[in-house]
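Single-structure report; data block below.
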Amino acid sequence: MYLKLYFFLLVCTSLWIFVVTMNTKIRPIKKKFIPRQNTLCPPNEPCDKTPGYPLRAITALLKRNKKKIEFLSGTAMQPLNEATFRSPEDPENLCKTRRYSVAPKTAPDIQNNTKFIVNVEGFKQLVTYENCMREKDGSEKACTGYEFWPNDFKTTCRQAHTVIRMLSLTYSGKMDYAYFPIPSGCYCAYTKLNKFDYD
């Protein structure tokens, strides 16, 4: 008799657990700290103009972790050569560039997820980078001196990137290091055309 009662209770308990499990909705993790779409900066570049930047939350997190990270503040990326003038004898780059120095507040990481970057008073991560100059319509420029190349070659200035590590904010509101592709220079690439492209 006790054995039958035990099995009956076991079956009832199993059925109850199954029903509760089926009716329980899986709640997604809240993502509080997702940067809004921003039109103030070019896409896929570090941006220091960021509406909705969580200044208070980041400042509070920094105070809590000050001893661990305060020595990491400073310039995250900077070109080696900082020449202030050029002489006429200096070699010219085949591609014109424009240099920027920013303390970015958002940037897309290597997975192309835009994240908030820790950049507040007392903790700055500065980035100096170079972008290829583009045509007025936004297309890639041809390399300087392209008119001296053979007709069956097309030249294009292409953007080079490097990956740097910066302290950023996860979507759940924790500080963590993430890797960000940053424009690092411009190089001249060429394509050999077939005869139908230039006839």
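199 is the number that UniProt numbering gives the last residue of the sequence shown; the numbers go up by one with no jumps.
All C-beta atoms, glycine included, are put in the ideal place defined by N, C-alpha and C.
Quick caveat, the model's predicted, so the values are computed rather than measured.
So the beta strand (DSSP E) residue i belongs to, where does it begin and stop?
{"i": "K115", "result": "114-117"}
{"i": "T128", "result": "125-132"}
{"i": "A57", "result": "Careful: A57 lies outside any beta strand (DSSP E), inside the alpha helix (DSSP H) at 55-64."}
{"i": "S101", "result": "97-102"}
Tell me, which residues are paired with residue i by DSSP?
{"i": "D176", "result": "S168"}
{"i": "K192", "result": "F153"}
{"i": "G185", "result": "A160"}
Would you kindly work out how many angstroms separate the C-alpha atoms of residue i and residue j, rounded to a whole number?
{"i": "T59", "j": "K124", "result": "12 Å"}
{"i": "T106", "j": "M175", "result": "14 Å"}
{"i": "R158", "j": "G138", "result": "13 Å"}
{"i": "K32", "j": "A103", "result": "23 Å"}
{"i": "K192", "j": "A142", "result": "14 Å"}
{"i": "L126", "j": "E45", "result": "14 Å"}
{"i": "P181", "j": "N119", "result": "17 Å"}
{"i": "P183", "j": "D109", "result": "13 Å"}
Could you round the C-beta distance between residue i and residue j to whole angstroms and report it? I think they count as a contact, below 8 Å.
{"i": "R36", "j": "P54", "result": "So it is not a contact: roughly 11 Å between Cβ atoms."}
{"i": "E140", "j": "T156", "result": "5 Å"}
Near residue i, what residues of its chain come up, given a Cβ to Cβ distance below 8 Å and the 5 sequence neighbours on each side ignored?
{"i": "T97", "result": "E130, N131, C132, M133, G185, C186"}
{"i": "Y177", "result": "R165, M166, L167, S168"}
Near residue i, which residues of its chain fall below 7 Å by C-beta distance, leaving aside the five closest residues on each side in sequence?
{"i": "C188", "result": "L94, C95, C143, T155, C157"}
{"i": "C41", "result": "C47, K49"}
{"i": "N194", "result": "none"}
Excluding the five sequence neighbours on either side, which residues of its own chain have a C-beta within less than 6 Å of the C-beta of residue i, listed in chain order?
{"i": "T170", "result": "D176"}
Please report whether the beta-carbon of residue i lies at a distance below 8 Å from any beta-carbon of chain C.
{"i": "D137", "result": "Note that chain C does not occur in the displayed structure, where there is just one protein chain."}
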